[in-house]
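Structure record follows, encoded as structure tokens.
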Amino acid sequence: MRRILTSIAAPLVAGAFALGLAACSTAPSASAGSAAGLDVSDDAIILDVRTPAEYAEGHLAGAQLLDFTGGEVAAAIPQLDPEAEYLVYCRSGNRSGQAIALMEAAGFGNLTNLGSLEQAAAATGIDVVR
Numbered sequence: 001m002r003r004i005l006t007s008i009a010a011p012l013v014a015g016a017f018a019l020g021l022a023a024c025s026t027a028p029s030a031s032a033g034s035a036a037g038l039d040v041s042d043d044a045i046i047l048d049v050r051t052p053a054e055y056a057e058g059h060l061a062g063a064q065l066l067d068f069t070g071g072e073v074a075a076a077i078p079q080l081d082p083e084a085e086y087l088v089y090c091r092s093g094n095r096s097g098q099a100i101a102l103m104e105a106a107g108f109g110n111l112t113n114l115g116s117l118e119q120a121a122a123a124t125g126i127d128v129v130r
């Protein structure tokens, strides 16, 4: 009996671990396109969903700060244009992914998770303001 449980548990634990790693990945992902070699339109809205302190340390030129942790993303959704293109980044891609999930649930469709500040700068070619 113990051998059967071990043979079943090991693959389950390995699978859960792999899913956990994938969920915490910092690679940019998009719900509507890929961030790799991204061509940023003039109308695209860039959202930095980090804290004000993180934003002050450096942010993409032209990025709008909406502190996800402080509830600013959720509060701003009713005032945002659901038809606009949004490029979202944070420190690792986690908060930006959560912000995109909130926006998708509210009917937004043109959303790209740029991942971290460094990944966002590399993908868009936009300078970091320090």
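In our numbering, the protein residues as written are 1 to 130.
Backbone N, C-alpha and C fix where the C-beta goes; we use that ideal spot for every residue, glycine too.
Model, not experiment: these values are computed from the prediction.
| Cα separation between L102 and T124? | 23 Å
| field | Selected residue, minimal CA-CA separation from I77, among R91, A105 and A53 | value | A105
| task | Take G52 and list the residues in its own chain whose beta-carbon comes closer than 7 Å to its own, dropping the five residues that flank it on each side. | result | For the record, residue 52 in the displayed sequence is Pro; it is not Gly. Correct list, in chain order: L65 and D67.
| task | To the nearest angstrom, report how far apart A74 and L47 are at their CA atoms. | result | 13 Å
| query | alpha helix (DSSP H) containing I100: first to last residue? | reply | N94 to A105
| Euclidean distance between Cα positions of C24 and N94 | Residue confidence for C24 is low, a pLDDT of 38 falling below 50, so the modelled location carries little weight; the figure read from the coordinates is stated next. About 7 Å.
| message | My parser needs the beta strand (DSSP E) runs of 3 or more residues fully inside the stretch 39-64; what are they? | response | 45-48
| request: Might you give, ordered along the chain, the residues of its own chain that have their beta carbon closer than 8 Å to the beta carbon of A121, omitting 5 neighbours on each side? | output: L60, D127 and V128
| Using the C-alpha atoms, what's the distance from A44 back to L80? | 12 Å
| said: Taking a contact to mean a Cβ-Cβ separation below 9 Å, would you say A99 touches C90 in this structure? | reply: yes
| request: Classify T112 as helix, strand or coil using the three-state DSSP reduction. | output: strand
| request: Whole angstroms is fine: what's the gap from D42's alpha carbon to N110's? | output: 14 Å
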